[in-house]
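Read in this note's numbering, the sequence shown has 64 at position 29, and its numbers run on one by one without any break.
C-beta: ideal position from N, C-alpha, C; glycine also.
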Amino acid sequence: MTESRLREEICLHGRSLFDRGLTFGSAGNISVRLDDGWLMTPTNACLGRLDPAELSKVDLQGRLVSGGKPTKESFLHTSMYAERPSAGAIVHLHSTHSVAVSVLADLDPQEPIPPITAYYVMKIGRLALVPYYAPGDVGLADAVREVAGRHHAVLLANHGPVIAGKDLETAIYATEELEETARLYLMLRGEKLRLLSAADVAALRQKYPS
Ligand SMILES: [Zn+2]
Numbered sequence: 036m037t038e039s040r041l042r043e044e045i046c047l048h049g050r051s052l053f054d055r056g057l058t059f060g061s062a063g064n065i066s067v068r069l070d071d072g073w074l075m076t077p078t079n080a081c082l083g084r085l086d087p088a089e090l091s092k093v094d095l096q097g098r099l100v101s102g103g104k105p106t107k108e109s110f111l112h113t114s115m116y117a118e119r120p121s122a123g124a125i126v127h128l129h130s131t132h133s134v135a136v137s138v139l140a141d142l143d144p145q146e147p148i149p150p151i152t153a154y155y156v157m158k159i160g161r162l163a164l165v166p167y168y169a170p171g172d173v174g175l176a177d178a179v180r181e182v183a184g185r186h187h188a189v190l191l192a193n194h195g196p197v198i199a200g201k202d203l204e205t206a207i208y209a210t211e212e213l214e215e216t217a218r219l220y221l222m223l224r225g226e227k228l229r230l231l232s233a234a235d236v237a238a239l240r241q242k243y244p245s
C-alpha cells in the first residue's frame with residue numbers, strides 16, 4: 036500500500052473509531068510502519084478529525100520528518116515495534132470497557148480476560164497485563180517491551196490496550212474484538228460461566244497462531 040493510501044486509511048479508521056465511541060477527545064493513537072520509518076497520529080490530535088497531510092512521519096531513528104509532533108505516547112508504539120519485527124501497525128485506545136477491565140483488582144497478568152469466545156482467542160491470542168505507570172513515566176516503555184515479544188496485545192493497567200497487527204486493519208479489528216470481549220466479560224461478571232476448555236483453546240491456537 037502506498038504511503039498516501041496509508042495516510043488516508045489511518046484517518047478513515049480514526050474517524051470510524053471516534054464515531055462509534057471507541058475513542059474520545061484527543062485520547063488514543065495509531066501508527067503504521069513504512070519502508071523508511073513510521074506514520075503516527077500527532078500529539079493532542081482527535082482521531083475523529085485527522086488530516087492525512089498532518090500525520091507525523093518519523094524516520095527509522097525516530098526523528099520527525101514531516102507533519103506535527105508525534106503523539107506523546109509514541110514510546111508505546113516504538114517499544115512494541117522494537118520487539119515485533121512483523122508488526123505493520125499499532126493501535127492504542129482508552130476504550131471504555133477495556134479500561135474498565137484493566138482497573139479490576141486481582142487480575143491474572145497472564146490472562147486478564149478468560150477465553151469466553153473463540154474469536155477472542157483467535158484475534159487476541161494471549162493478552163498480557165502491564166502494571167500501572169503514571170503518564171510520562173519511562174518505566175512503561177520498558178514494561179511494554181518486556182512482554183511485547185510474546186504478546187501482540189497488551190493491556191495497560193488503569194489505562195487501556197496497545198495492540199499490534201500485521202497491518203492496520205488487523206490491528207484495528209483486534210482492538211475492537213478486545214473491546215467487545217471486555218464488554219461481554221463485564222456483563223457476565225458474577226454469572227456462572229462455561230469457558231472454552233483448555234483443549235478448545237489449544238486447538239484454536241494451533242489453527243490461528245497469533
Ligand atoms: Zn494512553
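On the DSSP bridge assignment, give the partners of residue i in chain order.
i, result
"aspartate 94", "Gly72"
"glycine 123", "Its beta-bridge partners do not exist; DSSP assigns none."
"aspartate 188", "Here residue 188 turns out to be alanine, not aspartate, going by the sequence shown. BP columns for alanine 188 point to Leu162 and Ile198."
"proline 87", "Proline 87 is not bridged to any residue."
"isoleucine 65", "Val126"
"leucine 99", "Val93"
"proline 77", "Pro105"
By how many angstroms is the C-alpha of residue j removed from the C-alpha of residue i?
i, j, result
"proline 144", "tyrosine 208", "23 Å"
"valine 179", "threonine 37", "29 Å"
"valine 100", "proline 149", "42 Å"
"arginine 42", "arginine 229", "43 Å"
"alanine 124", "leucine 82", "15 Å"
"histidine 132", "valine 156", "18 Å"
"valine 182", "tyrosine 116", "12 Å"
"leucine 74", "glycine 225", "43 Å"
"phenylalanine 59", "phenylalanine 53", "6 Å"
"glycine 184", "aspartate 177", "12 Å"
"isoleucine 65", "glycine 72", "14 Å"
"aspartate 235", "glutamine 241", "10 Å"
"alanine 206", "aspartate 86", "20 Å"
Considering only C-alpha positions, which residue in the set the options is nearest to residue i?
i, options, result
"glycine 160", "Ser114, Leu69 and Ser245", "Ser245"
"glutamate 214", "Leu223, Arg224 and Val134", "Val134"
"leucine 128", "Val182, Glu212 and Trp73", "Glu212"
"lysine 107", "Gln96, Glu118, Arg119 and Ser91", "Ser91"
"valine 67", "Val165, Arg84, Lys242 and Gly49", "Gly49"
"tyrosine 168", "His194, His186, His187 and Pro147", "His194"
"leucine 164", "Ile151, Lys158, Ala140 and Glu89", "Ala140"
"glycine 103", "Val93, Leu111, His112 and Phe110", "Val93"
"leucine 142", "Ala234, Tyr154 and Leu221", "Leu221"
"glutamate 118", "His186, Leu175 and Ser39", "His186"
"serine 61", "Thr216, Leu47, Thr76 and Asp70", "Thr76"
"serine 130", "Leu47, Asp70 and Thr216", "Thr216"
"glycine 200", "Cys46, Gly97, Leu239 and Ala122", "Ala122"
"aspartate 70", "Leu95, Ser109 and Glu146", "Leu95"
Is the beta carbon of residue i within less than 7 Å of some heavy atom of ligand 1?
i, result
"leucine 194", "The amino acid at residue 194 is misidentified as leucine; the sequence shows histidine. Correct: histidine 194 has its Cβ closer than 7 Å to ligand 1."
"histidine 186", "no"
"histidine 127", "yes"
"glutamate 108", "yes"
Starting from the C-beta of residue i, find all residues in its chain whose C-beta is less than 8 Å away, skip the five residues before and the five after it, and write them out in chain order.
i, result
"leucine 219", "Ile151 and Thr152"
Can you list, in chain order, the residues of its chain whose CB lies under 6 Å from that of residue i, leaving out five sequence neighbours each side?
i, result
"arginine 291", "As shown, the chain starts at 36 and ends at 245. That puts residue 291 outside it, with no answer to give."
"leucine 47", "none"
Can you list, in chain order, the residues of its chain with a C-beta nearer than 7 Å to that of residue i? Leave out the 5 residues immediately preceding and following it.
i, result
"valine 197", "Leu111, Met115, Ile125, His127, Val179, Val189 and Leu191"
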